[in-house]
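Read through the structure below, which is laid out as structure tokens, and then see the notes.
Protein chains: 2
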Amino acid sequence: MRRLFRLKGDRPVATQARAIATRKGIVDAAASVFVRHGYAGASISEIADEAGITKGAVYFHFRSKELLARAVVDAQDELATQVRERSVAGSPSAVAMLVAMVRELGVLMRDDVVARASMRLAVEVPTGELEDVGGTYEAWIGPTEHVIGQAVAEGDLRAGLDAAALARFLVAAFTGMQTVSVATSQLEDLMPRLREMWAIVLPGIVAPGREHIIPGLLRRA
Amino acid sequence: MRRLFRLKGDRPVATQARAIATRKGIVDAAASVFVRHGYAGASISEIADEAGITKGAVYFHFRSKELLARAVVDAQDELATQVRERSVAGSPSAVAMLVAMVRELGVLMRDDVVARASMRLAVEVPTGELEDVGGTYEAWIGPTEHVIGQAVAEGDLRAGLDAAALARFLVAAFTGMQTVSVATSQLEDLMPRLREMWAIVLPGIVAPGREHIIPGLLRRA
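Heads up: the protein sequence lines correspond to chains U and S, in order. In terms of the working numbering, the first sequence opens at residue 906 and continues consecutively. In terms of the working numbering, the second sequence opens at residue 906 and continues consecutively.
Structure, rendered in structure tokens:
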């Protein structure tokens, strides 16, 4: 309370739009700092410096580091929805949509600091400090399972395929490829690694007699 | 220097064996704390409490948190070598050895806090605070590629399989399954998830005409 009170003086006489822009600037700055130092290593001071505002202004918008992390994860959820919509758009089949989803998510990780921070938070904070960030995984498993089910119904993926198991596996494999790619190449090799995954996995999940679709899918990967 | 000097008084008049046991106790305690709070969130105080010794005694053996993390990673490297040796022992073929290696590594992660800490450090510290922990991945990719090459030579895996790509993929997928399993079930579902992975991947990598080996391999997974 004391903190909030003291900081009120910092509040700019801002329009709603300016407040929203400032808030977004803080979330982006927090994302950069989470990517650099992780959750435990991030400080509000460094986030304020990164955003080019005072610590007080940060606290005006977010009362704690936990709320900042939550805002990063929420911002990523919106990006993820966009990824899924973009994947639906250009895809002639459900299996093409599945491959496109993984590619678009990879592009997002490579290019967007909020997405990268969100993944680092999910990977790093499984120990209760930031509760239910593990929900990030569940949020991907459901839609992925749905698309796999469609691809089975369309006859492109094997009948009898366990869609839930494949969805869990793809989400976990993506997480691991992202993690290893960050550690070994700063994400530079993520896209070729994702293509390698499909080259390994597709021959085992495509329906017998549909093997001819594999090269086209790999070109979309 | 000052710190080391001040702490000399804490040094027990210990035999070599006792010093080694103390050192191991500190490494185990550090592993527990790294698992709980990650690298950035771990403090020497908590590690000392966990080990039941003074902060001074910790500093006598390890001058910094970084050296402690390094010791955890090194201890895991030894365990990993044991995993590989155990996997060779009971395996009638190279492909069986590959499946056994993944299983034994899963068991290690589930049961051994040093292994779990080492994985968390590798996943969490890709940003230069602890250099080349990413080497943990490379340390697994080489031996895995070797076993895959043997399995191709033995005719169980497809000729023309890219052994390096499959090795990179398996190491990354394992990393991701471990990460997701920690976040969603405290590692309780890791072993069934690893079996799911093989059920998905094996049909695409087993050599044509060798599909009958899959059920036996899944029983070893």
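The C-beta atom is built at its ideal place from N, Cα and C for all residues, glycine as well. Predicted model only: the values in this text are computed from it and were never measured.
From U:T1080, U:E1009, U:A1088 and U:V1018, residue whose alpha carbon lies closest to that of A934 of chain U: As a position in the first sequence, residue 934 of chain U is number 29, starting the count at 1. It is U:V1018.
For V1076 of chain U: DSSP bridge partner residues: For the purposes of this step, residue 1076 of chain U is taken as the residue at position 171 of the first sequence. Note: V1076 of chain U is not bridge-paired with any residue in the DSSP secondary-structure output.
Reference Q987 of chain S, options S:V1000, S:V1012 and S:L1123, closest by Cα: Locating residue 987 of chain S in the second sequence gives position 82, where the first residue counts as 1. The residue with the shortest Cα to Cα distance from Q987 of chain S is S:V1012.
Where L1066 of chain S sits in the DSSP three-state scheme: Translated into positions along the second sequence, residue 1066 of chain S becomes position 161. It is coil, neither helix nor strand.
Span of the alpha helix (DSSP H) around D979 of chain S: By 1-based counting over the second sequence, the position of residue 979 of chain S is 74. Residues K970 to A994.
Positions along the stretch 1095-1109 of chain U whose CB lies within less than 8 Å of some CB in chain S: Residues R1098, E1101, M1102, A1104, I1105, V1106, L1107, P1108 and G1109.
Rounded straight-line distance, which links the Cα of G1065 of chain S to that of V1052 of chain U: Within the first sequence, the letter at position 147 stands for residue 1052 of chain U. Within the second sequence, the letter at position 160 stands for residue 1065 of chain S. Approximately 31 Å between the Cα atoms of the pair.
At least 3 beta-carbon pairs within less than 8 Å: the stretch 978-995 of chain S vs the stretch 1040-1047 of chain S: yes
Within-7 Å CB hit, T1080 of chain U to chain S: Translated into the one-based positions of the first sequence, residue 1080 of chain U becomes position 175. Closer than 7 Å to some Cβ of chain S, the Cβ of T1080 of chain U qualifies, so yes.
Contact under 7 Å by Cβ, A1078 of chain U with A1126 of chain S: Stepping through the first sequence from its first residue, residue 1078 of chain U is reached at position 173. Stepping through the second sequence from its first residue, residue 1126 of chain S is reached at position 221. Against a cut-off of 7 Å, the Cβ pair of A1126 of chain S and A1078 of chain U comes out as no contact.
C-beta neighbour in chain S for R911 of chain U, strict 7 Å: For this step, residue 911 of chain U is matched to residue 6 along the first sequence. In this predicted model, R911 of chain U has a pLDDT of only 44, less than 50, meaning its place in the structure is not dependable enough to derive any value.
Reference L1123 of chain U, options U:A945, U:S950 and U:M1002, closest by Cα: Against the first sequence, residue 1123 of chain U aligns to sequence position 218. The candidate whose alpha carbon is nearest that of L1123 of chain U is U:M1002.
Within-7 Å CB hit, E1116 of chain S to chain U: Taking the first residue of the second sequence as position 1, residue 1116 of chain S is located at position 211. Using beta-carbon distances, E1116 of chain S does not count as an interface residue toward chain U, since no partner is under 7 Å.
Minimum Cβ-Cβ distance from E1050 of chain S to chain U less than 7 Å: Against the second sequence, residue 1050 of chain S aligns to sequence position 145. Judged by the 7 Å Cβ criterion, E1050 of chain S is not in contact with chain U.
Through-space distance from P1120 of chain S to L1107 of chain S, alpha-carbon basis: Within the second sequence, residue 1107 of chain S is the residue found at index 202, counting from 1. Within the second sequence, residue 1120 of chain S is the residue found at index 215, counting from 1. So the alpha carbons of these two residues sit roughly 10 Å apart.
Contacting residues, own chain, Cβ-Cβ under 8 Å from D1094 of chain S (five flanking each side not counted): Locating residue 1094 of chain S in the second sequence gives position 189, where the first residue counts as 1. Result list for D1094 of chain S: S1086, in chain order.
is_contact[L1071 of chain S, chain U] using C-beta, thresh 7 Å: Start at 1 with the first residue of the second sequence, and residue 1071 of chain S comes out as number 166. L1071 of chain S counts as touching chain U.
Beta-carbon gap between I895 of chain U and R1073 of chain U smaller than 7 Å: As displayed, chain U neither begins before 906 nor continues past 1126, which places residue 895 of chain U out of reach and without an answer.
Range of the contiguous alpha helix (DSSP H) that encloses G1114 of chain U: As a working note, residue 1114 of chain U is residue 209 in the first sequence. Note, G1114 of chain U: premise wrong, no alpha helix (DSSP H); not H, not E.
Contact with chain A by A1064 of chain U, beta-carbon distance below 7 Å: The chain labelled as chain A is not found among the protein chains of the depicted structure, namely U and S.
Run of the alpha helix (DSSP H) containing D1017 of chain S, from where it starts to where it stops: Counted from its first residue, the second sequence places residue 1017 of chain S at position 112. Looking at the DSSP string, D1017 of chain S is not in any alpha helix (DSSP H), and its letter there is neither H nor E.
G957 of chain U - containing alpha helix (DSSP H), residue span: Along the first sequence, read from residue 1 onward, the residue named residue 957 of chain U stands at position 52. G957 of chain U -> no alpha helix (DSSP H), and no H or E assigned at all.
Contact list for G946 of chain S against chain U, beta-carbon separation under 7 Å: Mapped onto the second sequence, residue 946 of chain S falls at position 41. In chain order: A945.
Partners in chain S for E1074 of chain U, counting only beta-carbon separations shorter than 7 Å: On the first sequence, residue 1074 of chain U is found 169 positions in, with the first residue counted as 1. First, the residue type needs correcting, since residue 1074 of chain U is Phe and not Glu in the sequence shown. Under the 7 Å cutoff, chain S gives E1101, M1102 and I1105.
Minimum Cβ-Cβ distance from Y964 of chain S to chain U less than 7 Å: Counting from one through the second sequence, the residue named residue 964 of chain S turns up at place 59. No, no contact with chain U.
Own chain partners of Q921 of chain U with C-beta closer than 6 Å, once the 5 adjacent residues on each side are dropped: Along the first sequence, one-based indexing puts residue 921 of chain U at 16. Excluding residues within five positions, none has a Cβ falling inside 6 Å.
Between the CA atoms of R1025 of chain S and K970 of chain U - distance to the nearest angstrom: Position 65 of the first sequence, counted from the first residue, corresponds to residue 970 of chain U. Position 120 of the second sequence, counted from the first residue, corresponds to residue 1025 of chain S. Roughly 21 Å between the two C-alpha positions.
Interface flag, E1029 of chain U vs chain S, CB-CB below 7 Å: Counting from one through the first sequence, the residue named residue 1029 of chain U turns up at place 124. Interface residue, yes.
Test: A1077 of chain S CB closer than 7 Å to a CB of chain U: Position 172 of the second sequence, counted from the first residue, corresponds to residue 1077 of chain S. Yes, its Cβ sits closer than 7 Å to a Cβ of chain U.
Same chain, Cβ closer than 6 Å to L1010 of chain U, neighbours up to 5 away in sequence not counted: Mapped onto the first sequence, residue 1010 of chain U falls at position 105. Correct list, in chain order: V988.
Status (buried if at least 16 other CB within 10 Å, exposed otherwise) for V1000 of chain U: Translated into positions along the first sequence, residue 1000 of chain U becomes position 95. Buried.
T1084 of chain S: contacting residues in chain U (beta-carbon distance under 7 Å): What you label residue 1084 of chain S is simply residue 179 of the second sequence in a count that begins at 1. Near T1084 of chain S (Cβ distances below 7 Å), the residues of chain U are V1028, T1080, G1081 and T1084.
Any C-beta of chain U under 7 Å from that of P1113 of chain S: Here residue 1113 of chain S refers to the residue found at position 208 of the second sequence. Chain U contact via Cβ: absent.
Contacting residues, own chain, Cβ-Cβ under 6 Å from V1057 of chain U (five flanking each side not counted): As a position in the first sequence, residue 1057 of chain U is number 152, starting the count at 1. Excluding positions up to five away in sequence, the list reads L1066.
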